[in-house]
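Working notes, beginning with the structure itself.
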Amino acid sequence: MANAPLNTALLDRAIIFAVKAHAGTERRGKGYPYIVHPLEAVEIVATMTPDQELLAAAALHDTVEDTDVTVEQIRAEFGDRIATLVADESEERPNGLSDEESWHDRKRAAINHLAKASHDAKIVALGDKLSNMRAIARDYAEIGDALWNRFHSKNPKDHEWHYRGLADALRELSDTSAFQEFERLINQVFN
22 MANAPLNTAL
32 LDRAIIFAVK
42 AHAGTERRGK
52 GYPYIVHPLE
62 AVEIVATMTP
72 DQELLAAAAL
82 HDTVEDTDVT
92 VEQIRAEFGD
102 RIATLVADES
112 EERPNGLSDE
122 ESWHDRKRAA
132 INHLAKASHD
142 AKIVALGDKL
152 SNMRAIARDY
162 AEIGDALWNR
172 FHSKNPKDHE
182 WHYRGLADAL
192 RELSDTSAFQ
202 EFERLINQVF
212 N
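For the sequence shown, the numbering used here puts the final residue at 212, and the numbers step up evenly by one.
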């Protein structure tokens, strides 16, 4: 007896929405389209859950933070649950401060928020953070400490503090292969 086909209609719509929202943008310092990152986040989340709303939220996770899309647009298009998950992944940017000046405060707030977030929000966040950590590990192996010049904080100790804080906030997912890879890459880069 054949398995019923997987219903990916919601995820498909989310991916198309994200592709349009991120159109023409590049992953910082990479030379390839930004959409590669959200798609990798989807793949990572899919290793932890088949929940199509979590997969859709992973596809959309940077649309509010990095494009002109609003949480209200996500809510109208995809519903409350996905909008809340995307909002949970979106960093607040303080008025009047540059990204460099606000880096520590933004990262501290994100870690604290994530520590209190729902299990579902942590799954989406781990998709994002593991994708980021994979890119950092690849680039660090290739160019070493020159990597840190791409970021608003140039100090590798700041990034170590940030990623170890994220790992602590996500520790309830420690039984997943995604979390185990995340922690392994953190230890590899920041040994």
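From the three backbone atoms N, C-alpha and C, an ideal C-beta is built for every residue, glycine too.
Is residue i buried or exposed, if buried means 16 or more other CB atoms sit within 10 Å of its CB?
i: serine 152; result: buried
i: isoleucine 164; result: exposed
i: glutamate 193; result: exposed
i: alanine 35; result: buried
i: tyrosine 53; result: exposed
i: isoleucine 95; result: buried
i: alanine 39; result: buried
i: lysine 150; result: buried
i: alanine 62; result: buried
For a test of the three-state rule: what should DSSP assign to residue i, helix, strand or coil?
i: leucine 47; result: In the sequence on display, residue 47 carries glutamate and not leucine. Three-state DSSP puts glutamate 47 in a strand.
i: proline 54; result: strand
i: glutamate 204; result: helix
i: phenylalanine 99; result: helix
i: lysine 175; result: coil
i: valine 90; result: coil
i: alanine 62; result: helix
i: alanine 190; result: helix
i: histidine 183; result: helix
i: aspartate 77; result: For clarity, residue 77 is alanine in the given sequence; the question names aspartate instead. Three-state result, alanine 77: helix.
i: serine 198; result: helix
i: leucine 31; result: helix
So, using beta-carbon positions, are residue i and residue j closer together than 7 Å?
i: proline 59; j: aspartate 87; result: no
i: valine 145; j: alanine 188; result: no
i: isoleucine 103; j: alanine 142; result: no
i: isoleucine 65; j: glycine 148; result: yes
i: arginine 171; j: glycine 50; result: yes
i: threonine 68; j: alanine 199; result: yes
i: aspartate 109; j: alanine 138; result: yes
i: alanine 190; j: alanine 136; result: yes
i: alanine 42; j: valine 90; result: yes
Taking only the alpha-carbon atoms, compute the straight-line gap between residue i and residue j and give it to the nearest angstrom.
i: threonine 46; j: tryptophan 182; result: 28 Å
i: isoleucine 56; j: leucine 206; result: 22 Å
i: glutamine 73; j: isoleucine 132; result: 25 Å
i: glutamate 202; j: aspartate 166; result: 22 Å
i: serine 174; j: valine 107; result: 24 Å
i: leucine 32; j: tryptophan 169; result: 34 Å
i: glycine 123; j: threonine 197; result: The question names glycine, but residue 123 in the sequence shown is serine. Their Cα atoms are separated by approximately 32 Å.
i: phenylalanine 99; j: isoleucine 37; result: 12 Å
i: proline 177; j: tyrosine 184; result: 11 Å
i: glutamate 121; j: alanine 30; result: 40 Å
Ignoring anything shorter than 4 residues, give me the alpha helix (DSSP H) runs that lie fully in the segment 108-159, in order along the chain. 120-137
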